[in-house]
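286 is the number of the first residue of the sequence shown in my numbering; add one for each residue after it.
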Amino acid sequence: MLFSVHQLMTFILTLIGAAVLSVVVTSLVRIMARRFGVLDRPAGRKQHRTPTPLLGGFAIYLSLVGAVVVMSSLGLFNGSHIKAKYLVGIIAAASFLAFGGALDDRFNLKPLRQLIWPLLAVVAIIASGVGVAYVTNPFGGLIELNRITTTVLWFDGIPYRLTLLADLFAMVWLLTLTYTTKFLDGLDGLVSGVTVIGCLVVAAVSLTRDVAQADTALLALAIGGVFAGFLVFNFHPARMFLGEGGSTLAGFLLGTLAIISGGKIATTLLVLGLPLFDAVVVVVRRVLRGKSPFGGDRSHLHFLLVDGGVPHGQAVLLYWVLAAAFGISTLLLRGPQKIAALGLIGSLALAGVALLMSIRQRNKIIKSSLTTNDNRTSE
286 MLFSVHQLMT FILTLIGAAV LSVVVTSLVR IMARRFGVLD RPAGRKQHRT PTPLLGGFAI
346 YLSLVGAVVV MSSLGLFNGS HIKAKYLVGI IAAASFLAFG GALDDRFNLK PLRQLIWPLL
406 AVVAIIASGV GVAYVTNPFG GLIELNRITT TVLWFDGIPY RLTLLADLFA MVWLLTLTYT
466 TKFLDGLDGL VSGVTVIGCL VVAAVSLTRD VAQADTALLA LAIGGVFAGF LVFNFHPARM
526 FLGEGGSTLA GFLLGTLAII SGGKIATTLL VLGLPLFDAV VVVVRRVLRG KSPFGGDRSH
586 LHFLLVDGGV PHGQAVLLYW VLAAAFGIST LLLRGPQKIA ALGLIGSLAL AGVALLMSIR
646 QRNKIIKSSL TTNDNRTSE
């Protein structure tokens with residue numbers, strides 16, 4: 286048996302304990318958000334009909350800090366993969382995202398000002414030593430990223446170095462996932478559920494014989510539990526929204542887990558593959574039309590599903606099922622097969638967007654035709 290009964294109980298209790306803590310904290314933050322008027326009011330492309338509390342990111346942040354403190358005090362991170370400095374970096378990064386997200390929830394910051402906080406979060410993670418030393422070549426072997434280094438400063442006789450390729454890769458990777466979940470946050474429970482699935486997949490991969498990183502699995506389960514607890518309030522119709530802080534924390538934490546667990550980039554890409562391809566398509570389309578890539582509209586796949594007649598809950602469930610299916614496939618597929626799976630996701634995303642946009646255009650034409658006929662009849 287790979288793990289003892291005691292270890293299995295620890296994994297289960299970590300997930301449940303983090304979820305319960307998150308439910309309690311989210312309840313309190315929800316009351317605070319209402320009291321201070323930090324609400325998302327119905328308008329434009331938004332789905333909800335009543336003012337709904339924001340600051341979900343702040344609730345997730347407080348729950349995460351509480352879970353990490355308790356787990357550290359119990360000595361659950363005594364393995365070799367989750368170092369104390371990594372936890373400090375994660376909490377510091379989460380602090381930037383939660384604080385910046387709370388500011389945006391309250392004052393609706395412009396996109397460039399929103400970008401400051403993810404950048405600071407990336408710096409905090411890299412400074413703590415979290416980085417990608419290598420990535421697995423899907424066709425065999427490893428691609429090393431830690432060969433080019435430069436000393437930034439000396440402090441008390443100790444050199445502090447940047448590993449250029451590794452740190453650049455980490456920055457691009459973390460920002461990409463951060464904005465993937467930010468763009469995905471358009472339907473109740475969508476991002477929260479996908480994040481829970483992603484964390485469970487990372488935990489499962491970490492517990493396989495080939496990887497055997499129990500401490501990484503515990504951190505993934507804690508993060509998954511926190512988002513699961515928040516999901517209680519985020520199901521449709523949502524009683525609380527993730528807000529800017531929560532939607533960015535989701536992708537950032539998944540990206541960090543992927544790095545810490547030994548460059549499980551392909552695993553995380555498969556879970557977030559559909560949202561990622563959708564985000565790329567939307568950004569490219571906006572740029573080609575001369576619009577801001579960060580501007581909001583209803584051209585995302587999840588909005589197209591709803592506009593095409595798919596009920597809100599079913600659209601969210603579809604994303605969850607696909608994320609779980611492709612995530613579970615990582616336990617079965619090898620390198621080249623994962624690349625093929627990513628290609629399949631991309632093809633599905635492009636085909637889905639094209640089909641749903643044509644359906645939406647057809648519905649507009651039909652609606653316009655009916656309106657014209659009604660006007661003629663009334664005359």
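Every residue gets a Cβ at the ideal spot worked out from N, C-alpha and C, and that includes glycine.
Can you name, in chain order, every residue of its own chain whose Cβ lies under 8 angstroms from the Cβ of residue 319, other than the five neighbours on each side?
For residue 319, where only same-chain residues beyond five positions count, the Cβ hits under 8 angstroms are 338.
If I measure Cβ to Cβ from residue 597 and keep anything under 8 angstroms in the same chain, skipping five residues before and after, which residues do I get?
For residue 597, where only same-chain residues beyond five positions count, the Cβ hits under 8 angstroms are 332, 472, 473, 521 and 591.
For residue 660, which residues of its own chain have a beta-carbon under 6 angstroms away from its beta-carbon, when the five flanking residues on both sides are left out?
In this prediction, residue 660 has a pLDDT of 49, which is less than 50 and means its spatial position is unreliable; what the coordinates show is noted afterwards. The answer is none, since no qualifying residue turns up.
When the Cα of residue 313 is compared with those of 524, 564, 594 and 541, which residue comes out closest?
Residue 313 has its Cα closest to that of 524, out of 524, 564, 594 and 541.
Within the continuous beta strand (DSSP E) that includes residue 450, where are the two ends?
Careful: residue 450 lies outside any beta strand (DSSP E), inside the alpha helix (DSSP H) at 449-469.
Got a sec, what are the start and stop residues for the beta strand (DSSP E) residue 428 sits in?
Segment 427-429, the beta strand (DSSP E) holding residue 428.
Exposed or buried, what is residue 306 when buried is set at 16 or more other beta-carbons lying within 10 Å of its beta-carbon?
Burial call: buried.
Are the Cβ atoms of residue 297 and residue 417 separated by less than 8 angstroms?
No. Outside cutoff.
Looking only at its chain, what residues have a beta carbon closer than 8 angstroms to the beta carbon of residue 336, apart from the 5 residues adjacent to it on each side?
Result list for residue 336: 324, 325, 326 and 327, in chain order.
If contacts are defined as beta-carbon pairs under 8 angstroms, then residue 249 and residue 481 qualify, I think. What distance do you get, rounded to the angstrom?
Lying outside 286 to 664, the shown extent of the chain, residue 249 is not represented and no answer is given.
Specify, as a first and last residue, the run of the alpha helix (DSSP H) that residue 332 falls within.
It is not in any alpha helix (DSSP H) - residue 332 carries neither H nor E in the DSSP assignment.
Please report how far the alpha carbon of residue 571 lies from the alpha carbon of residue 581, in whole angstroms.
Whole-angstrom Cα-Cα distance: 10 angstroms.
Go through its chain and collect everything with a Cβ distance to residue 300's Cβ below 7 angstroms, but skip five positions before and after it.
Counting only Cβ-Cβ distances below 7 angstroms, and skipping sequence neighbours, we find 506, 509 and 510.
How big is the Cα-Cα spacing for residue 286 and residue 569?
The predicted position of residue 286 is uncertain, since its pLDDT is 45 and thus under 50; a value taken from the coordinates is nonetheless stated next. The alpha-carbon atoms of residue 286 and residue 569 are separated by roughly 49 angstroms.
Could you check the C-alpha separation between residue 483 and residue 392 for me, to the nearest Å?
So the alpha carbons of these two residues sit roughly 31 angstroms apart.
Got a sec? Which residues, its chain only, sit under 8 angstroms from residue 371 by beta carbon, not counting five neighbours each side?
413, 414, 415 and 545.
Drop a sphere of 10 angstroms on the beta-carbon of residue 315, count the other beta-carbons inside from all chains shown, and report buried for 16 or more, exposed for fewer.
The residue in question, residue 315, is buried, as its Cβ has 16 or more Cβ neighbours within 10 Å.
Among 607, 406, 394 and 485, which one has its Cα closest to the Cα of residue 457?
That would be 406, whose Cα lies nearest to the Cα of residue 457.
Going by C-alpha to C-alpha distance, which of 602, 567, 600 and 613 sits closest to residue 585?
Per the Cα distances, 567.
Looking at residue 463 and residue 537, is the spacing between their C-beta atoms short of 8 angstroms?
A contact, by the Cβ cut-off of 8 angstroms.
For residue 500, I'd like the list of residues in its chain whose CB is within less than 6 angstroms of its CB, leaving aside the five on either flank, ordered along the chain.
Excluding sequence neighbours, residue 500 sits near 362, 364, 366 and 367.
Could you compute how far the alpha carbon of residue 257 sits from the alpha carbon of residue 344?
The chain is shown from 286 up to 664; residue 257 falls before or after that span and cannot be answered.
Just tell me which of 435, 290 and 430 has its CA closest to the CA of residue 455.
The residue with the shortest Cα to Cα distance from residue 455 is 430.
Consult DSSP for residue 324 and reduce its assignment to one of helix, strand or coil.
Three-state result, residue 324: strand.
Considering Cα atoms alone, identify which of 542, 587, 534 and 479 is closest to residue 605.
Comparing Cα positions, the closest option is 479.
What are the boundary residues of the alpha helix (DSSP H) that includes residue 597?
First-last of the alpha helix (DSSP H) with residue 597: 597-614.
What residues in its chain sit with their C-beta under 6 angstroms from that of residue 281, if we drop five residues either side in the sequence?
Beyond the ends of the chain as shown, which are 286 and 664, falls residue 281; an answer cannot be given.
Using a threshold of 8 angstroms, state whether the C-beta atoms of residue 379 and residue 534 are closer than that.
Cβ atoms of residue 379 and residue 534: closer than 8 angstroms.
Considering only residues of the region 364-428, which uninterrupted alpha helix (DSSP H) runs meet the minimum length of 4 residues and lie entirely inside it, listed in chain order?
Qualifying alpha helix (DSSP H) stretches, in chain order: 369-392 and 396-412.
DSSP has residue 501 in a bridge; who is on the other side?
Partner(s): none; residue 501 has no beta bridge.
With a cut-off of 8 angstroms on the beta carbons, I'd call residue 601 and residue 547 a contact; round off their distance for me.
That belief does not hold up - the Cβ atoms of residue 601 and residue 547 are roughly 31 angstroms apart, past 8 angstroms.
Could you check if residue 374 is buried or exposed, using at least 16 other CB atoms within 10 Å of its CB as the buried criterion?
Buried, since its Cβ has 16 or more Cβ neighbours within 10 Å.
Any idea what DSSP makes of residue 522, helix, strand or coil?
Residue 522 falls in the coil class under three-state DSSP.
Which first and last residues belong to the alpha helix (DSSP H) in which residue 594 is found?
Element bounds for residue 594: n/a, residue is neither H nor E.
How is the alpha helix (DSSP H) around residue 480 delimited, first residue to last?
Its alpha helix (DSSP H) spans residues 475-491.
Tell me the rounded alpha-carbon separation between residue 465 and residue 608.
When rounded, the distance between both Cα atoms is 14 angstroms.
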